[in-house]
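First residue of the sequence shown? That's 1174 in my numbering, and the numbers climb one at a time after it.
First comes the structure, then the notes that go with it.
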Amino acid sequence: MNLPNTLSLCRLFLTVAFILLVVYGHLRLALLLFILQALSDLVDGFLARQMGAKTNLGAYLDPLADKVMLASSYIVLCFMMIIPVWLVGMVLLRDLVISLGFLILLRRGLKSNPVPTLISKTTTLFQMLTIVYVLWSMDRPYGSFFFYITALFTIASGFQYVLAGWTTFSKKEMV
1174 MNLPNTLSLC RLFLTVAFIL LVVYGHLRLA LLLFILQALS DLVDGFLARQ
1224 MGAKTNLGAY LDPLADKVML ASSYIVLCFM MIIPVWLVGM VLLRDLVISL
1274 GFLILLRRGL KSNPVPTLIS KTTTLFQMLT IVYVLWSMDR PYGSFFFYIT
1324 ALFTIASGFQ YVLAGWTTFS KKEMV
């Protein structure tokens, strides 16, 4: 297993530690661990490109690690009443719709390699920044701003992926 894939795998396992830190009230340590996970997300992609170490495993492992990390973080922070339920629902629903769409395309024999776009990367950035903010700021005076901007990008990127999937599906139906 190459270094970028190892980093993605570590990010998956560190998610468990993050959850435990939040549940037991060690929010500062959870913040540091989350920042480490987010940085590893940047580093693994960079290393894969620079080292010429892109693999099929990495193409699935990296986004899986991202989704597990973010979904788990949002869920545990919701249970701890730090992030609102409606935002968690949006984040999870977007990922579910994208995943189901991908599976439908695969089932129809269509190859679909969802390519991250500027909107989807911005969505991930704001989803991560929201977690960093709520763990950093105990009184959260700007929490609503982070929640609404994250929701806006989550919805926009969800629609973008649905539109891309529908376009792929429609092309198959026309042939």
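All residues carry an ideal CB built from backbone N, CA and C; glycine is no exception.
If residue i and residue j are in contact, beta carbons under 8 Å, what's the gap, nearest whole angstrom?
i: Pro1287; j: Gly1231; result: Not confirmed; about 15 Å, so no contact.
i: Val1305; j: Leu1204; result: 7 Å
i: Ser1181; j: Asp1235; result: 5 Å
i: Asn1175; j: Ala1226; result: 4 Å
i: Pro1257; j: Phe1320; result: 6 Å
i: Thr1327; j: Thr1296; result: 6 Å
i: Val1349; j: Ile1271; result: Absent from the structure is residue 1349, since the part of the chain shown begins at 1174 and ends at 1348.
Could you check the C-alpha separation between residue i and residue j for me, to the nearest Å?
i: Gly1274; j: Ser1293; result: 16 Å
i: Gln1223; j: Leu1283; result: 30 Å
i: Leu1325; j: Trp1339; result: 21 Å
i: Met1301; j: Leu1243; result: 7 Å
i: Thr1323; j: Phe1219; result: 25 Å
i: Asn1229; j: Leu1336; result: 25 Å
i: Gly1316; j: Ala1238; result: 25 Å
i: Phe1186; j: Leu1206; result: 11 Å
i: Leu1279; j: Ser1285; result: 7 Å
i: Phe1191; j: Ser1245; result: 9 Å
i: Thr1188; j: Val1241; result: 8 Å
i: Arg1267; j: Phe1332; result: 9 Å
i: Arg1184; j: Leu1194; result: 15 Å
i: Arg1313; j: Lys1344; result: 47 Å
i: Leu1298; j: Ser1330; result: 12 Å
i: Ile1208; j: Arg1201; result: 11 Å
i: Val1264; j: Ile1277; result: 20 Å
i: Thr1179; j: Asp1217; result: 8 Å
i: Gly1198; j: Thr1303; result: 18 Å
i: Leu1250; j: Leu1260; result: 11 Å
i: Met1253; j: Val1196; result: 7 Å
i: Ile1248; j: Ser1213; result: 21 Å
Please confirm whether any heavy atom of the ligand NAP lies closer than 8 Å to the CB of residue i.
i: Met1301; result: With respect to the ligand NAP, the structure shown offers nothing to examine, as it has no ligands at all.
What are the boundary residues of the alpha helix (DSSP H) that includes residue i?
i: Thr1303; result: Leu1291 to Trp1309
i: Met1242; result: Asn1229 to Phe1252
i: Leu1200; result: Leu1200 to Gln1223
i: Met1263; result: Val1258 to Arg1280
i: Arg1184; result: Leu1176 to Val1196
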